[in-house]
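Working notes, beginning with the structure itself.
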Amino acid sequence: MSVQQISVFLESRPGHLRRVLDAFEEAGVSVRGYSASDTGDYGIVRFIVDAPDKALAVLRDMGAAATSSDVLCARLDDTPGELARVMGIMADCGINVTYSYSLISTYIALSVKDLARAEELLAAKPVELIGQDDLARPVTGEGR
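Per UniProt numbering, the very first residue in the sequence shown carries number 1; after that it's consecutive.
Structure, rendered in structure tokens:
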């Protein structure tokens, strides 16, 4: 079970990220998480959204260089040590996490080299993976 991550290359200038976010809002796309990293004159922004196909269309209409890839997304309990527990399980399974970032609530996106192998290894572990359909539902403060 995986979710789609959208990566977009933006010029590192004031207002460029805002234009993307405004376009997402206008199209009715909800951002569930993002990570922005600066690489000099350009930055890479990674998004997890509720409607990735719609978000990609918005970006392409804007002329932005954007790609889509699958990442794992795990739900964490809101308890001390939970992130360490999940990262420990990944390490014990021999899964290298190339980068990760948090989403709204207690979700984290994990980019791994072999997604299918990671999903298979984690299926029998106490790590709850979520899918794209889970992200399409509004997050509330009550339960999951």
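Think of the CB as a built atom: it goes at the ideal place given N, C-alpha and C, for glycine as much as any other residue.
Residue i - DSSP class collapsed to helix/strand/coil
{"i": "G40", "result": "coil"}
{"i": "I95", "result": "coil"}
{"i": "R137", "result": "coil"}
{"i": "I6", "result": "strand"}
{"i": "G88", "result": "helix"}
{"i": "A109", "result": "strand"}
{"i": "R46", "result": "strand"}
{"i": "R13", "result": "coil"}
Residue i, buried or exposed, once every other Cβ within 10 Å from all chains shown has been counted against 16
{"i": "V29", "result": "buried"}
{"i": "S37", "result": "exposed"}
{"i": "S100", "result": "buried"}
{"i": "V127", "result": "buried"}
{"i": "P14", "result": "exposed"}
{"i": "G40", "result": "exposed"}
{"i": "G143", "result": "For G143, the predicted model reports a pLDDT of 47, less than 50, meaning its position is unreliable; a value from the coordinates is still stated below. Exposed: under 16 other Cβ atoms inside 10 Å."}
{"i": "P80", "result": "exposed"}
{"i": "A116", "result": "exposed"}
{"i": "G33", "result": "buried"}
First and last residue of the uninterrupted beta strand (DSSP E) at residue i
{"i": "R75", "result": "A65 to R75"}
{"i": "V127", "result": "Per DSSP, V127 belongs to no beta strand (DSSP E) and is neither H nor E."}
Beta carbon of residue i nearer than 8 Å to that of residue j
{"i": "G131", "j": "S35", "result": "no"}
{"i": "V45", "j": "V8", "result": "yes"}
{"i": "K54", "j": "A23", "result": "no"}
{"i": "L72", "j": "L129", "result": "yes"}
{"i": "I108", "j": "S102", "result": "yes"}
{"i": "V49", "j": "V20", "result": "no"}
{"i": "G43", "j": "S12", "result": "yes"}
N- and C-terminal bounds of the alpha helix (DSSP H) containing residue i
{"i": "V20", "result": "H16 to A27"}
{"i": "D61", "result": "P52 to D61"}
Cutoff 8 Å: residue i Cβ touching any chain D Cβ
{"i": "I6", "result": "No chain D is part of this structure, which consists of one protein chain only."}
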